[in-house]
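Participant: Just passing along the structure, written as structure tokens.
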Amino acid sequence: MARLPSARATAVFVAVLAAAWVADLGYFSHGYTAHWYQPIEGQRVLVDRTTEHRVVFPNVHRALSRYVQGWPSDRYGVPPELPVIDVVLRARIEIPGQDPMRLSANALSEATIWADGEPLGDRELAPGPHDLWIRWQGRPRAHRVARRSNTASFELTWKTHGGTDEVVPASALTPADGAGGRGMLWALAFLLAALFGAGVQYTGLTTSESSRRRRLGAVLALGLVVLGVGMRGYDYDVMPEYRENSDELFATWNGWSLLEDGSTRGWTAWAGEYSGRVEITNERAFGMPYVIISPYFEHPPLMHLLVGAAAQLGGAHHYMHAKLRHTRLVPIGLMAVATLLMVAVGRRLWPGSWSAWVGALLFNVVPSIVLQTRVIKEEDLLVPLLLGAVLFFLRWRDDGRRTRDLVGAAICVGLAPLAKVPAAAFIVGLAALFASQPRGFTAAARLLVISLGLASLLAVYAVVVDWDNFIYAQRLQSGRAIHWSLFSRYLHLSQINHNHVGRGWTQFLWVGYAVTVFGRGVRETAPITVPPLVYLVALSIGTGNWNFGWYIVQLYPFLCLGAGDFIVRQWRRPSLLGGLLLVGVMLFYSLNLLMDPQWAKNSSSWGELRLWVS
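Okay, structure coming up:
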């Protein structure tokens, strides 16, 4: 006889659907139907259709993304300059209360409003529903400085007679063509409700406390994966903006070309150095100039192949046609795999503790990590490879030294240099871990043989394509200025691409990590210290005075695991120093996100803010 769902499983099922219902009512049911147009070949062409649930465009980024990611490249090619903004926003607006209200638009450059089929002009709208038609036009600037300035924006405001203008809330607007995304929302909601409900039901079928804890841990791990995908997936094709990190493009172009015809290509910052050695092409796309070289060896191709495949599956018939809305799904997927691996590693290190799940939670909610790890960079692939190698080592150490675990670790670190050359340091770090075990030198030697054999495929690739230019590119890459501040920058200088954001979070993670390492002992924590820190040394020396947000992406899972263990132990045995770190660094820095910057900079607000801080 089939067992009926338990009360807990039913409660979880209902809770997931209730959360979807709240999201539907509060977000997905509101906004504008948007039609994005562009003058092409003398005609006003419809480029894309979207539903804009956020009704304020505070800057140019989201509007520009709609054109760049929705552009029909197969029909019109890639435009050399930035598109103009020409969008029609349609919605049904509900005027509340008893008094008529006047609508207006704050727009760069201009906006025209029609209501109920007629130009709005100066007339007021009576309480009740009205059909809105708004045409917003703007002209973004292509200059690099424009990326940090407001070159296009739009917001709709209303006011009663004698009142002040207020931004029209999304709850007052219903998309004219129906709310986009609702079908997907409810499909996902029912799927997740069934999965989590079944997981909770399965957890309750055992009487063993260890089995129940293990099954509950699996359900929580699935929840963290869903959370991480949701956090990284929100606005993933908008921010970071496509102009912030052009490295995403050479990765995609190189991967697409390799899969298409076996050629290699990518843009370079050293075009003059390559003169006479390679084929050089000048391209311009969406206001950005690129000097493209072929063959291209400045980065190994493994990660490029993944994003190139995503571009081709997304319908790109030319390397310039690839879109971030397709290719950024690769790092988002890799971080989902990394979340599961973090939980597996943490469980092995600290059985019986919730440290693994807390660490994975940090990895999926700290904003600077979330934003940086949805950007396409070679480091994204190194994250699951290094975590996988550490997990295989722990399985080898704890489960009878099986050969398959040693081979698994060797494959993971052997593949790493095929994604990024300095990742060869992972081989050294893992070999050190194996060698540190009793009678572990033989295992370390076997790991070196297997991993170096795999890593040598990079040399084979170079020989097949162009060995001389491969060596030349590596020399260029390593010829950077160097200084003594190699390591301190990673301890305090947090970045998202080139933007200095997240210093407080990074400092908390490093200090929490250090507290765990010294609190639990260097030997116990060696699996999360030796490989990543050996890589950090190799990276610091190799990059010289260059520093970007993606350089330490592969360290974040280990920092989060250490900081997660610190939080769990602090919860169990509170201390003044630990509380100061949690509140004074992590919490206080995070609270900055809840304040309007303009309000915080106004001196009239400082008294209230000082009261809250105190």
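The numbering of the sequence shown is my numbering, which starts it at 9 and goes up by one.
Quick reminder that beta carbons are idealized off the backbone N, C-alpha and C, glycines included.
Identify which residue in 277, 296, 115 has its Cα closest to the Cα of residue 88.
Facilitator: 296
Participant: When you compare each of 434, 464, 376, 399 to residue 597 by their alpha carbons, which one comes out closest?
Facilitator: 376
Participant: So, do the region 408–427 and the region 516–523 have three or more beta carbon pairs nearer to each other than 8 Å?
Facilitator: no
Participant: Relative to the C-alpha of residue 571, which candidate in 527, 531, 429 has its C-alpha closest?
Facilitator: The residue among 527, 531, 429 with its C-alpha nearest the C-alpha of residue 571 is 527.
Participant: Please report the straight-line C-alpha distance between residue 398 and residue 556, rounded to a whole angstrom.
Facilitator: When rounded, the distance between both Cα atoms is 25 Å.
Participant: With 16 as the cutoff for other CB atoms within 10 Å, does residue 38 come out buried or exposed?
Facilitator: buried
Participant: Assuming residue 325 is part of the alpha helix (DSSP H), what are its boundary residues?
Facilitator: Taken as a continuous stretch (DSSP letters only), residue 325 belongs to no alpha helix (DSSP H), as it is neither H nor E.
Participant: Do you know how far the Cα of residue 190 is from the Cα of residue 32?
Facilitator: 7 Å
Participant: What do you get for residue 260, buried or exposed, if any count of 16 or more other CB atoms within 10 angstroms of its CB means buried?
Facilitator: buried
Participant: So, under 8 Å CB-CB, residue 92 and residue 147 are touching, yes? Tell me the CB distance rounded to an integer number of Å.
Facilitator: 5 Å
Participant: Alpha carbons only, please: which of 74, 575, 498, 470 is nearest the one belonging to residue 245?
Facilitator: 74
Participant: On the criterion of 16 or more Cβ atoms from any shown chain inside 10 Å, does residue 475 qualify as buried, or is it exposed?
Facilitator: exposed
Participant: Applying the 10 Å Cβ sphere with the 16-neighbour rule, what's the burial state of residue 84?
Facilitator: exposed
Participant: DSSP on residue 40, reduced to helix/strand/coil?
Facilitator: strand
Participant: Hey, residue 311 and residue 388: beta-carbon distance below 8 Å or not?
Facilitator: yes
Participant: Jot down the residue ranges of each uninterrupted alpha helix (DSSP H) in the region 51–92, minimum 4 residues, whole runs only, in chain order.
Facilitator: 69–78, 81–84
Participant: Distance check for residue 336 and residue 383, CA to CA, integer angstroms please.
Facilitator: 6 Å
Participant: Whole angstroms is fine: what's the gap from residue 155's alpha carbon to residue 449's?
Facilitator: Legend: pLDDT at residue 155 = 49, less than 50; position of this residue unreliable, value from coordinates given subsequently. Going from the Cα of residue 155 to the Cα of residue 449 covers about 54 Å.
Participant: Who are the Cβ neighbours of residue 610 in its own chain at under 6 Å, not counting the five residues just before and after it?
Facilitator: none
Participant: Pairs of beta-carbons, one from the region 175–182 and one from the region 96–112, closer than 8 Å: are there three or more?
Facilitator: yes
Participant: Quick one: grab the DSSP three-state call for residue 386.
Facilitator: helix
Participant: By the 10 Å Cβ neighbour count, where 16 or more other Cβ atoms means buried, how is residue 329 classified, buried or exposed?
Facilitator: buried
Participant: Are the beta-carbon atoms belonging to residue 390 and residue 578 less than 8 Å from one another?
Facilitator: no
Participant: Does the region 347–361 come into contact with the region 303–317, if we say contact requires no fewer than three beta-carbon pairs (one atom in each stretch) closer than 8 Å?
Facilitator: no
Participant: If you reduce the DSSP assignment to three classes, tell me which class residue 102 lands in.
Facilitator: strand
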